[in-house]
Amino acid sequence: TPILLDRDGGFLAQIPAPDEAGFGYWEVGALPPRVVAATVALEDRRFWLHPGVDPVALARALWQNLSSGARISGASTVAMQVARMQAPGPRTYLNKAREAATALFLTLRYGREATLRQYLRLAPYGNDSHGIVHAARFYFDKPVADLSWAEIALLAAIPQAPSRMNPLSPDGRARAVARGHRILDVLLADRVIAPGEHRLA
């Protein structure tokens with residue numbers, strides 16, 4: 027997405043893609059460690075252990091869905107979400123199986139880091155913003171490397187439900203902040219952040 031600036035570097039406008047794909051999709055260079063930690067904290071807790079599909083989460087989701095008679099859990103890993111973002115389709119069990127197969131091949135062929143980099147490039151952050159690099163600029167006017175833990179937690183909360191967690195609306199911001207608190211709690215429990223950093227965030 028090209029961004030127009032004035033001669034002093036101030037933001038003027040973004041130029042959307044002709045196919046209405048939204049804004050962003052900027053390349054992610056070196057994976058920002060804090061963004062990675064916050065992203066996998068709730069999205070995919072065992073990201074570094076499974077081959078693209080998490081059998082533990084899959085078994086739990088299957089049990090919850092069968093016992094409740096409704097679809098309440100999806101067990102999508104980061105790699106499965108990449109597969110869905112690259113080839114969107116209805117949420118059916120057949121498409122879920124396709125996403126799982128694609129996730130396995132993505133992880134096998136490209137590795138976990140490349141798969142996560144693609145997720146951080148494609149993920150929806152609300153208001154037609156895609157990718158963490160664009161979202162950092164759009165919401166906070168700063169590069170990803172300069173984001174605080176609080177800002178990272180807020181952004182990491184959005185992709186689960188971008189319209190429900192829209193930071194530009196009061197209700198959406200409240201939901202995003204609540205999920206951001208959960209992310210920070212997981213990071214504290216996993217000793218990724220210190221108690222002082224947790225309190226500050």
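Numbering-wise (the numbering used here), the sequence shown opens with residue 27 and increments by one.
Built from N, CA and C at the ideal position, the CB exists for glycine as well.
At the level of alpha carbons, what is the spacing between Tyr119 and Ala183?
As a position in the sequence shown, residue 119 is number 93, starting the count at 1. As a position in the sequence shown, residue 183 is number 157, starting the count at 1. Spanning the two alpha carbons is a distance of roughly 25 Å.
For the alpha helix (DSSP H) holding Gln112, just list the boundary residues, first then last.
One-based indexing of the sequence shown puts residue 112 at position 86. Looking at the DSSP string, the run of the alpha helix (DSSP H) that includes Gln112 is Val104 to Gln112.
Counting only the same chain and skipping the five closest in sequence on each side, list residues whose C-beta sits under 8 Å from that of Leu31.
What you label residue 31 is simply residue 5 of the sequence shown in a count that begins at 1. These residues qualify, in order along the chain: Phe37 and Leu38.
Can you list, in chain order, the residues of its chain with a C-beta nearer than 6 Å to that of Val218? Leave out the 5 residues immediately preceding and following it.
What you label residue 218 is simply residue 192 of the sequence shown in a count that begins at 1. Here the set comprises Ala63.
Take every Cβ of the region 77 to 94, pair it with every Cβ of the region 124 to 139, and state whether three or more of those distances are shorter than 8 Å.
Verdict: yes, contact present.
Proximal residues to Asp154 (C-beta, below 6 Å), its chain only, five neighbours per side dropped:
The residue given as residue 154 occupies position 128 in the sequence shown. Here the set comprises Gly48 and Phe49.
If you drop the 5 nearest sequence neighbours on each side, which residues of the same chain put their C-beta closer than 7 Å to that of Lys122?
Your numbering for residue 122 matches position 96 in the sequence shown. Excluding residues within five positions, none has a Cβ falling inside 7 Å.
Below 6 Å CB to CB, which residues in the same chain sit around Ala176 once its five sequence neighbours on both sides are set aside?
Residue 176 sits at position 150 when you count from the first residue of the sequence shown. Answer for Ala176: Ala227, listed in chain order.
Where does Pro59 land, buried or exposed, given buried means 16+ other C-beta within 10 angstroms?
Here residue 59 corresponds to residue number 33 of the sequence shown, with the count starting at 1. Exposed, because fewer than 16 other Cβ atoms sit within 10 Å of the Cβ of Pro59.
Could you pull out every residue in the same chain whose Cβ sits closer than 8 Å to the Cβ of Pro42, ignoring the five residues on either side in sequence?
As a working mapping, residue 42 is identified with position 16 in the sequence shown. Cβ neighbours of Pro42 beyond the five flanking positions: Thr27, Gly48, Phe49 and Asp154.
Per-residue DSSP class, three states only, for Ser93
What you label residue 93 is simply residue 67 of the sequence shown in a count that begins at 1. Ser93: helix per DSSP, three-state reduction.
By the DSSP assignment, the alpha helix (DSSP H) with Ala39 in it spans what residues?
Position 13 of the sequence shown, counted from the start, is the residue given in the question as residue 39. According to the DSSP assignment, Ala39 belongs to no alpha helix (DSSP H) but to the beta strand (DSSP E) extending over Phe37 to Gln40.
Go through its chain and collect everything with a Cβ distance to Arg199's Cβ below 7 Å, but skip five positions before and after it.
Counting from 1 along the sequence shown, the entry for residue 199 is found at position 173. Cβ within range, chain order: Pro193.
Pick helix, strand or coil for Pro193, following the three-state DSSP scheme.
For the purposes of this step, residue 193 is taken as the residue at position 167 of the sequence shown. Correct three-state label for Pro193: coil.
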